[in-house]
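Q: In this note's numbering, the protein residues as written are 886 to 1028.
Glycine included, every Cβ here is placed at the ideal spot set by N, Cα and C.
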């Protein structure tokens, strides 16, 4: 008769951790659904960029206001690209794009309640808009 070895270990902790991760994942999924519902049902257009001036998030209303497609406002799109798309759709009638980007992406505001750039303007298609930008110390910034 042959000799065999058998190893046994208690997996209670692993199973408990797995259940906890599943619960946290479900909770995160519900939070993301609430965030998406709030973001895409607000009347304001919102875009948020990271420190490299790449789009982190833009809501549906932002795309509608500026006549942009979802593909043109997907995460990773640069601020320059967004302006180029807006120029192409006729929804940008501002200062030179480089000047605009310099103004919007300047140093963080010292006050949480005072935007560093904000103005009323027509976005070229006759739609009056107010744009406010507030760089933050932690980036991303909204626009």
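Quick one: what's got a C-beta closer than 8 angstroms to residue 968's C-beta in the same chain, skipping five residues either side?
A: On the chain shown, residue 968 is found 83 positions in, with the first residue counted as 1. Excluding residues within five positions, the ones whose Cβ falls inside 8 angstroms are 977, 982, 985, 986.
Q: Where does residue 939 sit, in a helix, a strand or coil, going by DSSP?
A: Position 54 of the chain shown, counted from the start, is the residue given in the question as residue 939. Strand.
Q: By Cβ distance, which residues of its chain are closer than 8 angstroms to residue 940, with the 5 residues on each side in sequence left out?
A: As a working mapping, residue 940 is identified with position 55 in the chain shown. 932, 933, 934, 958, 959, 960, 961, 962, 963, 964, 967.
Q: When you compare the CB positions of residue 930 and residue 947, do they come within less than 7 angstroms of one another, or not?
A: On the chain shown, position 45 is the one that residue 930 refers to. On the chain shown, position 62 is the one that residue 947 refers to. In this structure, residue 930 places its C-beta atom within 7 angstroms of the C-beta atom of residue 947.
Q: Buried or exposed for residue 926, going by 16 or more other Cβ atoms inside 10 Å?
A: Position 41 of the chain shown, counted from the start, is the residue given in the question as residue 926. It is exposed - the Cβ of residue 926 has fewer than 16 other Cβ atoms within 10 Å.
Q: Which residue from 990, 956, 991, 952 puts its Cα closest to that of residue 972?
A: Position 87 of the chain shown, counting from 1, holds the residue named residue 972. Residue 972 has its Cα closest to that of 952, out of 990, 956, 991, 952.
Q: How would you write the range of the beta strand (DSSP E) that residue 932 sits in, first residue to last?
A: The residue you call residue 932 lines up with position 47 of the chain shown. In the DSSP annotation of this structure, the continuous segment of the beta strand (DSSP E) that includes residue 932 starts and ends at 932-934.
Q: Between which residues of its own chain and residue 938 is the CB-CB distance below 8 angstroms, once the five residues before and five after are set aside?
A: The residue labelled residue 938 in the question sits at position 53 within the chain shown. Taken in chain order, the residues that qualify are 963, 964, 965, 986, 990.
Q: Assuming residue 944 and residue 924 make a contact with CB atoms under 8 angstroms, what is their CB distance in whole Å?
A: Sequence index remark: in the chain shown, residue 944 carries index 59 (1-based). Sequence index remark: in the chain shown, residue 924 carries index 39 (1-based). Sure, about 5 angstroms apart at Cβ, within 8 angstroms.
Q: Tell me, please, which residues DSSP counts as bridged to residue 963.
A: Position 78 of the chain shown holds residue 963. Residue 963 pairs with 939.
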